[in-house]
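What follows is a single structure, written as structure tokens, with notes after it.
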Amino acid sequence: QTYKIAPHPLIMGFLKVAGIFALAWASSADAFLASPKLALGRASPAVSSSLRSAQTYKTSSSSLQMTIAMPPPTNMGGPLPSIEGMLPDCPATKWDAENLDIAAEQAKYRKEGIAECIMEVVADDAANAKGVQYFEENREKFRAHLDANGAVVLRNFDLSKNPEGFRRVCEALDLKQCLDPIHSSGLRSFLSAKDGVYEEVNKQSLAKHYIGLHNEATFCKTAAYGAFVCFSPASKSGGEFFIADGAKIFRDMDTEILKEIYDKKVRISVSNLDLDFLNGLGPLKEPMAQFLKGVVASTVAPKFEMDLDMIFGADGKEMRLQAIEHPQSPVNRHPVNGMPLWFCNVHNHARYLRDRRPCSVPEVGMTDVYYGDLSYLPAKHLEHINEVSNKHIETIAMKEGDVLLIDNYRVLHGRDVFEGDRLHAVSWFRKGDEEDTSAKDVGALNSVINKFIN
């Protein structure tokens, strides 16, 4: 005789929590947008046959094993030594947001103007023939524009068509590599660990997800510069990178709206844990809720080094536990030149805006934005932020080997939806004068989590 045994609701609830913990560990805000490594099947047809050798890199695409052509070793001086495990931690965020006269600073920008952000450099045969030497010779010019204006686009260079060549470009420009701001979570995957090159958001599961404007920053950590490189554009369509100047967004925001957000500050929720099963526990509901809140706060949240508070019911759902960053200013002065900037990830993280765009992030990874007191920003404010941000978006269509350098405090970035296989990558950099700290070894954690995501 066959008996059917119904699992006890409490047991099923604990199993659900275990799964939620695993998902939460793998899907915090931008962390969920990470692109884990995956061993795959076929080689890209886009590889140039004129180059002498090739190296295979594992990517997050569900159908692509990208073979990146390696340039001839002429004038290279041999392969670069590995820097795997040697990168310093991402530096602490430099906050300088107190006592800002919003109206006066906006008026100053309108009177004096803001120089164009982007310098575009297109290589010719002579530049490519020089290889690394070209970047050494032009280092001061490129770095001066990057520091004064915010962005440099390098096009048609042969050297940057693979991770090691890309690293050579960055080193020739005296950019000092560091880890991603949330590297300690184990959720950022290296495309080439030996070159300190992370894979960008190429996952097929997130191909239809629009990534809004954001600085690569948390309340605690911010990279000074970023360098984005295209090894293969989307094979069918889309996937364009885009940026916006935080100075221009600050200038063009409605003064009263900006002052209100500045005065109230913002808090960003980076993950949702729905624990509705606890409603069936009767008198044990509250103590169990607090126990689980403590478990998440002490075991999961510290991995992200983001100063997170675990809060129930902030969005009106009683048993939804959200990981929410501490209150922070939506504007910040640039740590070097003191320019007031829109320095806030609302355009990407506000659920109101995400719900009105292509979005493929599951509920556990959905983000949201609150005022410092955990009340919601009005819809009209979010629509205004979206309108002003979109007004200043500059689309950067990239081909193989193209590189975009940004000042990560001044310039926000995002990515459009795409179809087909895509391989973009990124490295992050310190200013160079920060305290040199070592990050935790998260290699094993990174491997486990990234396998779980896929």
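Note that our numbering gives residue 114 to position 113 of the sequence shown, counting from 1, and the numbers run on in steps of one.
In this text, a Cβ means the ideal position worked out from N, Cα and C, and glycines have one as well.
Note that the structure is predicted; figures quoted are calculated from it, not measured.
Would the C-beta of arginine 321 count as close to the ligand FMN, meaning under 6 Å from any of its heavy atoms?
-> In the structure shown, the ligand FMN is absent, as is every other ligand, since no ligand is present at all.
Euclidean distance between Cα positions of aspartate 277 and aspartate 374 = 25 Å
Among Cys118, Gln291, Glu106, Gly79, nearest to histidine 393 - alpha-carbon criterion | Cys118
Per DSSP, which residues does tyrosine 226 bridge with? Please list them.
-> Asp408, Phe430
Just grab the DSSP bridge partners of alanine 248 for me.
-> As far as DSSP is concerned, alanine 248 takes part in no beta bridge.
Taking the alpha carbon of glycine 227 as the point to measure from, which residue in Leu424, Glu436, Val412, Arg423 has its own alpha carbon closest?
-> For the residues Leu424, Glu436, Val412, Arg423, the minimum Cα distance to glycine 227 belongs to Val412.
Assign asparagine 100 to buried or exposed, taking buried as 16 or more other Cβ atoms, counted over all protein chains shown, within 10 Å of its Cβ.
-> exposed
Quick one: which unbroken beta strand (DSSP E) runs of 3-plus residues sit fully inside the region 268–313? Chain order, please.
-> 309–313
DSSP on asparagine 216, reduced to helix/strand/coil?
-> Asparagine 216: coil per DSSP, three-state reduction.
Leaving out the 5 sequence neighbours to the left and right, which residues in its chain are closer than 7 Å to glycine 247 when beta-carbon positions are compared?
-> Same-chain partners within the cutoff: Leu342, Trp343, Phe344, Arg411, Val412, Leu413.
Exposed or buried, leucine 285, counting other C-beta atoms within 10 Å across all chains shown (16 or more means buried)?
-> Leucine 285 is classed as exposed because its beta carbon has fewer than 16 other beta carbons within 10 Å across all chains shown.
With DSSP run on the structure shown, which of helix, strand or coil describes cysteine 179?
-> strand
Applying the criterion that 16 or more other CB atoms from any shown protein chain within 10 Å of the CB defines a buried residue, is alanine 30 buried or exposed?
-> Annotation note: pLDDT 37 at alanine 30 (below 50); position unreliable, coordinate value reported separately. Only buried fits alanine 30, as 16 or more other CB atoms lie within 10 angstroms of its CB.
Cutoff 6 Å; reference isoleucine 312; Cβ partners in own chain excluding five residues on either side = Gln323, Ile325
How is histidine 414 classed by DSSP in three states: helix, strand or coil?
-> strand
Mind checking who leucine 155 pairs with in its DSSP beta bridge?
-> Val122, Val404
For the beta strand (DSSP E) that glycine 192 lies in, which residues bound it at each end?
-> In the sequence on display, residue 192 carries leucine and not glycine. Run containing leucine 192: 191–193, per the beta strand (DSSP E) assignment.
Considering only C-alpha positions, which residue in the set Phe430, Pro359, Glu395, Leu383 is nearest to serine 206?
-> Pro359
Alpha-carbon to alpha-carbon, isoleucine 183 and glycine 500 = Outside the shown range of the chain (2 to 455) lies residue 500, about which nothing can therefore be said.
Sorted by chain position, which residues of the same chain lie with C-beta nearer than 7 Å to asparagine 387's C-beta, five sequence neighbours on each side aside?
-> His348, Leu354
Alpha carbon to alpha carbon, what distance is there between arginine 423 and lysine 237?
-> 9 Å
Run of the alpha helix (DSSP H) containing aspartate 264, from where it starts to where it stops = Bounds of the alpha helix (DSSP H) holding aspartate 264 are 256–265.
Pull up the distance between the alpha-carbon of glycine 151 and that of phenylalanine 251, whole angstroms please.
-> Straight-line Cα distance between these residues: approximately 15 Å.
Any idea what DSSP makes of tryptophan 96, helix, strand or coil?
-> coil
Under the rule that 16 or more other beta-carbon atoms within 10 Å means buried, what is valine 267, buried or exposed?
-> buried
Buried versus exposed call for alanine 173 [16 or more other C-beta atoms within 10 Å across all chains shown] | Buried.
From this set, Lys249, Gly86, Gly79, Thr94, which residue's C-alpha is nearest glutamate 435's C-alpha?
-> Thr94
Determine the DSSP secondary structure at leucine 424, reduced to helix, strand or coil.
-> Looking at leucine 424 - three-state DSSP - the assignment turns out to be strand.
At least three beta-carbon pairs within less than 8 Å, the region 139–153 to the region 108–118 | yes
Can the beta-carbon of methionine 399 be found closer than 7 Å to that of phenylalanine 242?
-> yes
Cut-off 6 Å between Cβ atoms - residues of its own chain near tyrosine 4, not counting five sequence neighbours on either side | With a pLDDT of only 43 at tyrosine 4, under 50, the local geometry of the prediction cannot be trusted, and no value is derived from it.
Cβ atoms of isoleucine 212 and glycine 415: under 7 Å apart, would you say?
-> Yes, they are a contact pair.
Run of the alpha helix (DSSP H) containing leucine 101, from where it starts to where it stops | Leucine 101 -> no alpha helix (DSSP H), and no H or E assigned at all.
For glycine 433, count neighbouring C-beta atoms within 10 Å of its own C-beta (all shown protein chains included) and say buried if the count is 16 or more, exposed if not.
-> exposed
So asparagine 333 is in the beta strand (DSSP E); what residue range does that whole segment cover?
-> DSSP places asparagine 333 in the uninterrupted beta strand (DSSP E) bounded by 332–334.
Beta-carbon proximity check, alanine 224 vs tryptophan 96, cutoff 7 Å | no
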